[in-house]
DNA sequence: ACAACTGTTTTCAAGGTGCAAACGATTATG
DNA sequence: CATAATCGTTTGCACCTTGAAAACAGTTGT
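Protein chains in written order, with full-length UniProt numbering: chain W, 1 to 260; chain R, 1 to 260.
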């Protein structure tokens, strides 16, 4: 019985901290809850949850608003801090805005973190449909055009790690759920330097994305335009959109000394 | 060089979680750092910091960006979630916007949490000067007009708790640093239902604030206008501003079924 | 080559941590 | 109004986690 030679990812961890993280997750999932409810949700004793919540409250990460614990306003501060920190070099926001105006649809910018896609910019054109994504929101990489554009320029080893960790959950019947198919798709993305999403995360929505690369060829993110199938399935229109997306990607690549 | 900023708390707390919180604080204070740097800043062993960071990373609260640990983008998501959660009932944002337009200065809305003031809305009029505050930012209550407006309608016992916890640190030579003087000031605030800040947090900036009260008379926050002393020290102008602030407070009181 | 740093892993004992159960406090319910 | 049912909080205790210290492994710089 030999231990798998996993990378130093699963070394020692602090169980108490893990529990507190689970409790924070529970508070979010439940939109606030009492001690007992949290205890049931994470499967530990009431007493333990109580001391953990007391500690988190002392650190101002949770609030007790008449009997119910909730995540505190401190997270707004932290979120704002991170935004400042990474800078999102106005260039990205401006270009995404222009892209939304020119296309009339939703334009977005995504980066990868912890094997998931994080939206860092979003703008809406005049014909834009509503989507659920927002700045800071996280989606799987394998079922979005943005994510596939990023994965296509990520070292194969890393892609495998990501798939190991998060799997390939199906969001619609169009979602790619097999590793082989995913790698085939990534090959196709590289051929055109464009990724497409045809209802793979949400039926009725289609998406065109282009990677944003570093001076060294490292991928730092991706830009996209999202619209309803009714408009996007027109080849000519899609082609126009693709050109706009490519253009935006280029502008960001040129100007972005460093994003993130 | 730097002394360990560890907090002590009453009641039972989870020491390991406390350490992780200190580490998160350190990462923010240092704008990202390595294991050794964090260990020195917090005053614990390298080994301990390493296991804690590993745990926080596994929970995606921290990223290791080529050798340096930083707070992760997840905080943007959490911040956005909290914003959604409390809703800030567009009314507040709209009214703050109007107040900024009418006054030409900076208009803000603040609530109290953990004994500190948290800005939840900010808008800039055409003559607005730059200030350091932003949505989510936290300031002491005793040295802002907003904070004093809130404290004036907070039970005396609670005010004492808050002062016990945070003290009355001086930000400028105008800051109120004695408990008696603070209570005198709060009495004056109640007399006019208006609070003033004459360079108590930042020399050269003045501020007029009005409390926002519940149907039950409980304070839920405060609204303010901030401007440079050069304009605000004119009595007539200040009077006009005060009327606008009062008006905004009233509108929010009437419309806000519940804020927060 | 060596020193001087990093980050990571290991050993080991001290004491923290979580469970279970008891305790108050509050609300339902007959 | 008494009793039951839940809630959050506290306590005692046994086990096992956790943090210090030191060894180890990589990298950088001189």
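We put the beta carbon where it would ideally sit given N, CA and C, even for glycine.
Of all the beta strand (DSSP E) runs that stay within the bounds of the stretch 145-183 of chain W, which reach a length of 3 or more residues?
none
Can you list, in chain order, the residues of the stretch 136-162 of chain R whose Cβ is nearer than 7 Å to any Cβ on chain W?
136, 137, 138
Any chain W beta carbon closer than 7 Å to residue 77 (chain R):
Numbered from 1 along the second chain, position 77 holds the residue referred to as residue 77 (chain R). Yes - at least one Cβ of chain W is within 7 Å of the one on residue 77 (chain R).
Strictly under 7 Å for the Cβ-Cβ distance: is residue 64 (chain R) near chain W by that measure?
Against the second chain, residue 64 (chain R) aligns to sequence position 64. No, no contact with chain W.
Following the continuous beta strand (DSSP E) through residue 196 (chain R), name the residue where it begins and the one where it ends.
By one-based count along the second chain, residue 196 (chain R) stands at place 196. First-last of the beta strand (DSSP E) with residue 196 (chain R): 195-198.
DSSP-derived helix/strand/coil call for residue 243 (chain R):
The residue given as residue 243 (chain R) occupies position 243 in the second chain. Helix at residue 243 (chain R).
Residues of chain R with CB under 8 Å from residue 83 (chain W), in chain order?
Taking the first residue of the first chain as position 1, residue 83 (chain W) is located at position 83. Here the neighbours are 76.
Please report whether the beta-carbon of residue 134 (chain R) lies at a distance below 7 Å from any beta-carbon of chain W.
As a first step, residue 134 (chain R) is located in the second chain; it is residue number 134 there, counting from the start. By this cut-off, residue 134 (chain R) is an interface position.
Nearest neighbour of residue 17 (chain W), chosen from W:48, W:179, W:32, W:30 [CA to CA]
On the first chain, residue 17 (chain W) is found 17 positions in, with the first residue counted as 1. The option with the nearest alpha carbon to residue 17 (chain W) is W:48.
For chain R, check one thing: does any of its Cβ atoms lie closer than 7 Å to the Cβ of residue 114 (chain W)?
Here residue 114 (chain W) refers to the residue found at position 114 of the first chain. Closer than 7 Å to some Cβ of chain R, the Cβ of residue 114 (chain W) qualifies, so yes.
Inter-stretch contact (C-beta, 8 Å, three-pair minimum) for the stretch 237-254 of chain W and the stretch 103-113 of chain W
Look at the beta carbons and you see the stretch 237-254 of chain W touching the stretch 103-113 of chain W: at least three pairs across the two are nearer than 8 Å.
Is the beta carbon of residue 76 (chain W) closer than 7 Å to that of residue 138 (chain R)?
As a first step, residue 138 (chain R) must be located in the second chain, where it is residue number 138. As a first step, residue 76 (chain W) must be located in the first chain, where it is residue number 76. Going by C-beta atoms, residue 138 (chain R) is not nearer than 7 Å to residue 76 (chain W).
Does the beta-carbon of residue 169 (chain R) have 16 or more other beta-carbons within 10 angstroms, so that it is buried, or is it exposed?
Within the second chain, residue 169 (chain R) is the residue found at index 169, counting from 1. Exposed, because fewer than 16 other Cβ atoms sit within 10 Å of the Cβ of residue 169 (chain R).
Suppose you measure from the CA of residue 123 (chain W) to the CA of residue 87 (chain W); what does that come to, to the nearest Å?
If you number the first chain from 1, residue 123 (chain W) lands on position 123. If you number the first chain from 1, residue 87 (chain W) lands on position 87. Distance between the alpha carbons of residue 123 (chain W) and residue 87 (chain W) is about 17 Å.
What does the Cβ neighbour count give for residue 46 (chain R), buried or exposed, with the cut at 16 atoms within 10 Å?
For the purposes of this step, residue 46 (chain R) is taken as the residue at position 46 of the second chain. Burial call: exposed.
Kindly list the residues whose CB is nearer than 7 Å to the CB of residue 222 (chain W), restricted to its own chain and excluding five residues on each side of it in sequence; keep chain order.
Start at 1 with the first residue of the first chain, and residue 222 (chain W) comes out as number 222. Counting only Cβ-Cβ distances below 7 Å, and skipping sequence neighbours, we find 110, 146, 149, 150, 209, 210, 211, 212.
Three Cβ pairs or more, each shorter than 8 Å: is that satisfied between the stretch 216-230 of chain R and the stretch 60-69 of chain R?
Result no; under three Cβ-Cβ pairs closer than 8 Å.
Would DSSP call residue 105 (chain W) helix, strand or coil?
Looking up residue 105 (chain W) in the first chain gives position 105. In the structure shown, residue 105 (chain W) sits in coil (DSSP, three-state: anything other than H, G, I, E or B).
In terms of residues, what are the limits of the alpha helix (DSSP H) holding residue 52 (chain W)?
Position 52 of the first chain, counted from the first residue, corresponds to residue 52 (chain W). Note, residue 52 (chain W): alpha helix (DSSP H), 46-58.
Suppose you measure from the CA of residue 37 (chain W) to the CA of residue 78 (chain R); what does that come to, to the nearest Å?
Here residue 37 (chain W) refers to the residue found at position 37 when the first chain is read from its first residue. Here residue 78 (chain R) refers to the residue found at position 78 when the second chain is read from its first residue. If I take the Cα positions, the gap works out to 21 Å.
Quick check on residue 117 (chain R): buried or exposed, where buried means 16 or more other Cβ atoms within 10 Å of its Cβ?
Here the question's residue 117 (chain R) lines up with position 117 in the second chain. It is buried - the Cβ of residue 117 (chain R) has at least 16 other Cβ atoms within 10 Å.
Round the Cβ separation of residue 14 (chain R) and residue 13 (chain W) to the nearest angstrom and send it over; I've been treating them as touching at under 8 Å.
Locating residue 14 (chain R) in the second chain gives position 14, where the first residue counts as 1. Locating residue 13 (chain W) in the first chain gives position 13, where the first residue counts as 1. That belief does not hold up - the Cβ atoms of residue 14 (chain R) and residue 13 (chain W) are roughly 15 Å apart, past 8 Å.
In angstroms with no decimal places, state the Cα-to-Cα distance between residue 238 (chain W) and residue 140 (chain R).
In the first chain, the residue the question calls residue 238 (chain W) occupies position 238. In the second chain, the residue the question calls residue 140 (chain R) occupies position 140. Answer to the nearest angstrom: the Cα atoms are 53 Å apart.
So if DSSP puts residue 121 (chain W) in a beta bridge, which residue, or which two residues, is it bridged to?
Sequence index remark: in the first chain, residue 121 (chain W) carries index 121 (1-based). Its beta-bridge partners are W:109.
Using alpha carbons as the reference points, say which of R:251, R:95, R:32 lies closest to residue 85 (chain W).
Working through the first chain from its first residue, we reach residue 85 (chain W) at position 85. Of R:251, R:95, R:32, the residue nearest in Cα terms is R:32.
Between residue 248 (chain R) and residue 99 (chain R), which are expected to be in contact by the criterion C-beta below 8 Å, what is the C-beta distance as a whole number of angstroms?
The residue labelled residue 248 (chain R) in the question sits at position 248 within the second chain. The residue labelled residue 99 (chain R) in the question sits at position 99 within the second chain. Right, the Cβ-Cβ distance comes to about 5 Å (below 8 Å), so this counts as a contact.
Less than 7 Å between the beta carbons of residue 199 (chain R) and residue 174 (chain R), yes or no?
The sequence position of residue 199 (chain R) within the second chain is 199, counting from 1. The sequence position of residue 174 (chain R) within the second chain is 174, counting from 1. Yes; because the gap between Cβ atoms is below 7 Å, this pair is in contact.
Local conformation of residue 142 (chain W) per DSSP, three classes:
As a position in the first chain, residue 142 (chain W) is number 142, starting the count at 1. Coil at residue 142 (chain W), not helix or strand.
Using CA atoms only, rank isn't needed, just tell me which of W:152, W:115, W:30, W:205 is closest to residue 183 (chain W).
Counted from its first residue, the first chain places residue 183 (chain W) at position 183. Closest in C-alpha terms to residue 183 (chain W), from the list W:152, W:115, W:30, W:205, comes W:152.
Using alpha carbons as the reference points, say which of R:101, R:102, R:206 lies closest to residue 230 (chain R).
Position 230 of the second chain, counted from the first residue, corresponds to residue 230 (chain R). Ranking R:101, R:102, R:206 by Cα distance to residue 230 (chain R) puts R:206 first.
Over the uninterrupted alpha helix (DSSP H) stretch that includes residue 79 (chain W), give me the two end residues.
Here the question's residue 79 (chain W) lines up with position 79 in the first chain. That run of the alpha helix (DSSP H) goes 74-86.
Taking only the alpha-carbon atoms, compute the straight-line gap between residue 188 (chain W) and residue 144 (chain W) and give it to the nearest angstrom.
Here residue 188 (chain W) corresponds to residue number 188 of the first chain, with the count starting at 1. Here residue 144 (chain W) corresponds to residue number 144 of the first chain, with the count starting at 1. Going by the C-alpha atoms only, they are around 15 Å apart.
Residues of chain W with CB closer than 7 Å to the CB of residue 11 (chain R), please, in chain order.
Numbered from 1 along the second chain, position 11 holds the residue referred to as residue 11 (chain R). Chain W residues near residue 11 (chain R): 54.
Return the first residue and the last residue of the alpha helix (DSSP H) that residue 19 (chain W) is part of.
As a first step, residue 19 (chain W) must be located in the first chain, where it is residue number 19. 15-29 is the span of the alpha helix (DSSP H), which, as asked, contains residue 19 (chain W).
At what residues does the alpha helix (DSSP H) containing residue 41 (chain R) begin and finish?
The residue given as residue 41 (chain R) occupies position 41 in the second chain. That run of the alpha helix (DSSP H) goes 35-42.
Cβ neighbours of residue 204 (chain W) in the same chain (closer than 7 Å, five flanking residues each side left out):
Within the first chain, the letter at position 204 stands for residue 204 (chain W). Excluding five sequence positions before and after residue 204 (chain W), the CB atoms of its chain that fall closer than 7 Å to its own CB belong to 228, 229, given in chain order.
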